[in-house]
Structure formats: structure tokens, C-alpha cells
Amino acid sequence: MAKMTKLDDIVSLCKRRGFIFQSSEIYGGLASCYDYGPLGVELKNNVKKAWWKSAVQMRDDVVGLDCSILMHPLVWKSSGHADKFADLIAECKKCNVRTRLDHLQDHAEEHTEHIDIDVAMAAEHDLSKKVCPSCGKVGQFTEPMPFKLMFETQMGANVDDSMTLYLRPETAQGIFANFRNVLDTTRVKIPFGIAQIGKSFRNEVTTKAFIFRTREFEQAEIEFFCEPGTDEKWFEHWKQARFNWYLELGIRKENLRFREHESDELAHYAKACVDVEYKFPLGSGDWQELEGIANRTDYDLRQHQRGIRTLNSWFENKGDLSKIDLKQEADDYEKGPLSYFDDEQKKRYIPYVIEPSAGVDRSALAFLVDAYDEEEVRGEKRNLLRFNPALAPVKVAVFPLVRKDGLPDIAGKICDDLKKHFTCFYDEKGAVGRRYRRQDEAGTPFCVTVDGQTKEDSTVTVRDRDSMEQVRVSTDQLLSHLRQKLED
Ligand code: GAP
1424 MAKMTKLDDI
1434 VSLCKRRGFI
1444 FQSSEIYGGL
1454 ASCYDYGPLG
1464 VELKNNVKKA
1474 WWKSAVQMRD
1484 DVVGLDCSIL
1494 MHPLVWKSSG
1504 HADKFADLIA
1514 ECKKCNVRTR
1524 LDHLQDHAEE
1534 HTEHIDIDVA
1544 MAAEHDLSKK
1554 VCPSCGKVGQ
1564 FTEPMPFKLM
1574 FETQMGANVD
1584 DSMTLYLRPE
1594 TAQGIFANFR
1604 NVLDTTRVKI
1614 PFGIAQIGKS
1624 FRNEVTTKAF
1634 IFRTREFEQA
1644 EIEFFCEPGT
1654 DEKWFEHWKQ
1664 ARFNWYLELG
1674 IRKENLRFRE
1684 HESDELAHYA
1694 KACVDVEYKF
1704 PLGSGDWQEL
1714 EGIANRTDYD
1724 LRQHQRGIRT
1734 LNSWFENKGD
1744 LSKIDLKQEA
1754 DDYEKGPLSY
1764 FDDEQKKRYI
1774 PYVIEPSAGV
1784 DRSALAFLVD
1794 AYDEEEVRGE
1804 KRNLLRFNPA
1814 LAPVKVAVFP
1824 LVRKDGLPDI
1834 AGKICDDLKK
1844 HFTCFYDEKG
1854 AVGRRYRRQD
1864 EAGTPFCVTV
1874 DGQTKEDSTV
1884 TVRDRDSMEQ
1894 VRVSTDQLLS
1904 HLRQKLED
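Quick note on numbering: the working numbering labels position 66 of the sequence shown as 1489, and the sequence is numbered without any gaps.
Next up, the structure:
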């Protein structure tokens, strides 16, 4: 049975083997920002590739998009983020550390997601007996206050015409803003989806827990547009599709579950939401959100239709979003630019949206945790990552058994040939047993070793990471043998 993984084991392996480093480490590090090293970037790229393949390339009803991170500020007014994307916090008067109020509740889990700010503000908060998690002082908190989570930046060199922009807190809004463009330039018909992978930024109050919650992270999101009334069917479809994606890539079923959101937990835009949760080894409450699947109704497209009509007001108020009211009057939304005309049914409507929203970094962490294993082999500890081959940073390692007798040349040639097909790694240093162990720890599914017999009969050994079994394969069959094993 697989060993229970601790987050510390993963953090230490990631650092030791070049998966993930602390950002700006040579300057003492930058809190909650991480860099992906040589193995980490391959893993993360493979997660994105697997997501893109399943979300876009294997489907006829989803197209891709890659939007800019910086968008017109009115986007965030319309989406509700400018006014509502905040956490309710209180500051300890003794140590000045700010804490999210929901993390001060009894039995609070530090890794829960954001609570709707209106819901949080409406609740009663008695902080007189609350303990500061940072300095341990009791009842020293200020009055609760909202803390905005979007990062601000300035665009433009001139003082007069520079404007305040926001680093996007979700990739979704770029998709809504391009809904019309995609509709007008492709042959998509409802129901269809638009998918995007990209960076998002949130000035999170609580981070910690390695790459689980960071201030800069990547999201993989689909906005799936459908006819109102069919939304519940598509919600179910995406729930199952996304759950199965994790299972197909090797996550063990006992570590994955759904959690329906209570009505008071729903984000301001959602009619229903379910989280795919993974049993992360985070200490305080193991089950945590890996991905959210939300029924966003027609909220966003309606809001953007209102938003684009407030452009004049935005100029008049010199870009001050707090002075702008979105026009709420009941004009005919169905005829607005973000509505859809259904040719067959001869009717116009604003589509509903089902949104599966995954975190790329959080998925990479789940895949690392789930793949991590330790076992004893002939009295020695073996650490390994049992990655699904599609996710493994290196697919095949090639070794000459010894560094003489022409074996390095043969192994080098084999490696160069295989590189055209898979990510490969050549290693000739140290005892072959140690080289196997290093590849086990990197999650490499197969090692190919060239030995004395190779020169006699053109065969090599192929060692399987998980079973450690070795088989001899002729060099002219090697590519098809590996291909079949890796694509199984
Ligand atoms: N567009 C909907 C949306 O952004 P969300 O639940 O806030 O929904 C979706 O985020 C996913 O993005 C989460 O399930 C998580 O995997 C990832 N995510 C959110 N905030 C994150 C953070 N601070 N660090 C890492 N991943 C994060």
C-alpha cells in the first residue's frame, strides 16, 4: 500500500530534484511565489498539454483562446470583481498581522476559498475572544474590514493619461469579453465552449502550503455557453468530464471527491457550484478544492452588456470605477451585442455558462502528491514518483552500463533517435543502480541500458519504473516498444 505522503516530503523532493524553487531565493525568497525548475516546467507543461488535449483538441464543441492579462478596467467593474472581490479581514493591534475572518472561526480551515464579501459583511463578528494566529494575543483585533484581492498597476508613461489597471484575478473574463469575436469569426453554434490557460493574480491574505495557494498562479478554464434550460444537463456533463480527467491521469479515486457548495457559499455570479476536492496533505483538514465547476448563468454576459454602455461615464469620471454605476434599467438585453440568435429555433437569448475552472499549479501539486511513494528495496529506501506517462517530465532515460568499450557512443545515438519522439535524458555518471534511483525519483517511466550484449545482438534492457522489471528489446523494436508502453 502506498505510504501517506507529507507535504514536507514533496517540498523537499521538489527542491532536491529541481521541480520547484522558492522565487528570488538568492535574495531570501519572495513569499508565496514559486519558480518551476527543469523537471517542474516539464511537469507543468504536461499538465497543461493534457488539459488542452481533453478540453479542446478531443472535442468538437470547444475552441481555444489566449487573452492578454491586462484588460480594460471596466471589465472588472462589470464582472463585479472591482466591488466584490475582497476578503473580510481584521488586524491584530499587537503584531499588525492581518487575518481572514473566516480563518478565525472555530474549526476554521486555513485553506478554504474566499467567502462572498456581502455574506461575510452581513454576518455578526465577535472578535473579543479570538486568538491571533501570528502572535497568540487574545481579543486584540481591529474592526473587520474588506481587503481587495486584485493587484493594481499603472499603464502609460504620461502622468495625465496613465490609467489604473488590474492584473486579472481569473482568466474567465477574457473569454466573456471575446464571446462576440469568437462567434463572429468561427462556425461555433451553441452549445459550445471557449477554453483558456493563463496566469491569474490575487493578493491573497493567507498563503503558505507551498504551491497550493499563491499570489501568482495559472488557471485552466472553460466557459461553456448553452441555452438557458439546458444548463443543468451541461453542469452534470462537465462535473463528470472533469472528475474523470483526474482519474484518467492517475489520481487515485479514494483521494478525489465532489463537494456541493451551500447556497451561502456561492460566488456572487453562481447559481450552483461543485468543487472537485483532493485529499491534500495540508495538515488542517485534508480535503481541499482542486477545481470548481460553476453554473454562472447569464450573469457575466449580461453584466458586460451593461458595462459597455457605461463607457462614457467611465471617461467622465476619469476612470474612477467607484463612481460608476452600471446601467441596470430593463432595456432589451436579448438584443444586445452579447446575445445569441439561434437560427434553428429562430429565437434570441443570452446564453447560460457552465464553467469548469482548474488550477494548473494546484493540479500539479495533486499529481505530485498522488504519485509520490516510498518503498524498501533490498534494505534500501526507494523514493519514486509513479506519474502517469503523459505527465512524466522525462519519458525515457538512456544509460551506457559503463563508460568504455564504445557503449557511450551507442547509448548516445539511441538517445538522440528517441529524442525525436519523447523527452529523453542521457546519463553515464555513477553506478547504474544509482542512476535508476535518480530516474525513479524524477518519475521517469522507463530506463534503457546499453551493455556488452548490445554489441553482440543489438538488444538493450528496458527497465520499468514501477515494477523494476527488466526486459531485453532489440534496438530496431525499441521505439515501437516504448511508444506502446507510454501510450497504453
Ligand atoms: N473563474 C472562476 C474562478 O476563478 P476559483 O474557485 O476562484 O474560481 C478556480 O478558482 C481554481 O483556481 C481553484 O479551484 C484553484 O485550483 C485555482 N486557484 C484559485 N486561487 C488560487 C491561488 N491563490 N493559488 C493557486 N491556485 C488557485
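We treat Cβ as the ideally placed atom computed from N, Cα and C, and that holds for glycine.
Quick one: residues in its chain with C-beta nearer than 8 Å to the C-beta of residue i, no 5 flanking neighbours on either side, listed in chain order?
i, result
"Lys1467", "Tyr1459, Glu1641, Val1783, Asp1784 and Ala1787"
What are the boundary residues of the alpha helix (DSSP H) that residue i is part of?
i, result
"Tyr1859", "Val1855 to Ala1865"
"Gly1597", "Ala1595 to Ala1600"
"Lys1438", "Leu1430 to Arg1439"
Can you tell me which of the three DSSP states residue i falls into?
i, result
"Cys1555", "coil"
"Asp1721", "coil"
"Cys1838", "helix"
"Tyr1459", "strand"
"Ala1544", "The amino acid occupying residue 1544 in the given sequence is Met; Ala does not appear at that position. Met1544: helix per DSSP, three-state reduction."
"Lys1782", "The displayed chain sequence assigns Gly, not Lys, to residue 1782. Three-state DSSP puts Gly1782 in a strand."
"Phe1848", "strand"
"Ile1777", "strand"
"Lys1878", "helix"
"Leu1493", "strand"
"Arg1482", "coil"
"Thr1608", "helix"
"Val1464", "helix"
"Val1628", "coil"
"Val1817", "coil"
"Met1424", "Note that Met1424 has pLDDT 43, beneath the 50 cutoff, so the model's placement of it is unreliable and the number below is only indicative. Met1424: coil per DSSP, three-state reduction."
"Lys1912", "Within the shown structure, residues of the chain are numbered from 1424 to 1911, placing residue 1912 beyond reach of any answer."
"Arg1665", "helix"
Suppose contacts are defined by Cβ-Cβ distances below 8 Å. Is residue i in contact with residue j by that definition?
i, j, result
"Ala1600", "Val1498", "yes"
"Tyr1763", "Pro1651", "no"
"Ser1455", "Thr1576", "no"
"Val1697", "Glu1688", "no"
"Met1481", "Arg1591", "no"
"Arg1523", "Asp1506", "no"
"Glu1851", "Pro1823", "yes"
"Trp1661", "Phe1647", "yes"
"Leu1807", "Arg1888", "yes"
"Gly1408", "Gln1619", "Nothing can be reported for residue 1408, as the shown portion of the chain is limited to 1424 through 1911."
"Glu1714", "Ala1664", "no"
"Leu1744", "Pro1496", "yes"
"Ala1789", "Leu1705", "no"
"Phe1602", "Leu1724", "yes"
"Gly1621", "Asp1539", "no"
"Val1611", "Arg1521", "no"
"Gln1862", "Cys1870", "yes"
Can you pull the DSSP bridge partners for residue i?
i, result
"Asp1765", "Lys1770"
"Pro1651", "The partner list for Pro1651 (beta bridge, DSSP) is empty, contrary to what the question assumes."
"Pro1823", "Val1873"
"Met1586", "Met1578"
"Tyr1701", "Leu1679 and Gln1711"
"Cys1696", "Ala1717"
"Asn1806", "Glu1797"
"Gly1487", "Ala1618"
"Glu1641", "Lys1622"
"Glu1646", "Ile1617"
"Gln1893", "Arg1886"
"Phe1564", "Cys1515"
Quick check on the DSSP output: the beta strand (DSSP E) that includes residue i runs from which residue to which?
i, result
"Asp1912", "Outside the shown range of the chain (1424 to 1911) lies residue 1912, about which nothing can therefore be said."
"Gln1619", "Phe1615 to Phe1624"
"Lys1735", "Reading off the sequence, residue 1735 comes out as Asn, not Lys. Run containing Asn1735: none in the beta strand (DSSP E); it sits in the alpha helix (DSSP H), Leu1734 to Glu1739."
"Lys1571", "Met1568 to Lys1571"
"Leu1511", "Ala1509 to Glu1514"
"Ser1903", "Element bounds for Ser1903: not the beta strand (DSSP E) but the alpha helix (DSSP H), Thr1898 to Glu1910."
"Gln1445", "Ile1443 to Gln1445"
"Arg1636", "Here Arg1636 belongs to no beta strand (DSSP E), and DSSP marks it neither H nor E."
"Arg1523", "Arg1521 to Arg1523"
Report all residues from its chain with a CB closer than 6 Å to the CB of residue i; omit the five preceding and five following residues, and keep chain order.
i, result
"Gly1919", "Here the chain has residues from 1424 to 1911 only, and residue 1919 is not among them."
"Lys1516", "Gln1563"
"His1844", "none"
"Lys1694", "Asn1718 and Thr1720"
"Ser1501", "Gln1726, His1727 and Gly1730"
"Val1873", "Pro1823, Leu1830, Ile1833, Ala1834 and Val1883"
"Gly1503", "His1691"
Note down, in chain order, each residue of its chain lying with its Cβ closer than 7 Å to the Cβ of residue i, except the 5 sequence neighbours on either side.
i, result
"Met1424", "Caution is warranted here: a pLDDT of 43 is assigned to Met1424, below 50, making its placement in the model unreliable, and the coordinate value is therefore given only provisionally. No residues qualify anywhere along the chain."
"Cys1838", "Val1821, Cys1847 and Tyr1849"
"Asp1793", "Gly1673, Ile1674, Arg1675 and Asn1678"
"Asp1484", "Pro1614, Phe1615 and Gly1616"
"Phe1574", "Tyr1589, Leu1590, Phe1624 and Asn1626"
"Val1434", "Phe1633"
"Pro1812", "Lys1818, Pro1868 and Leu1909"
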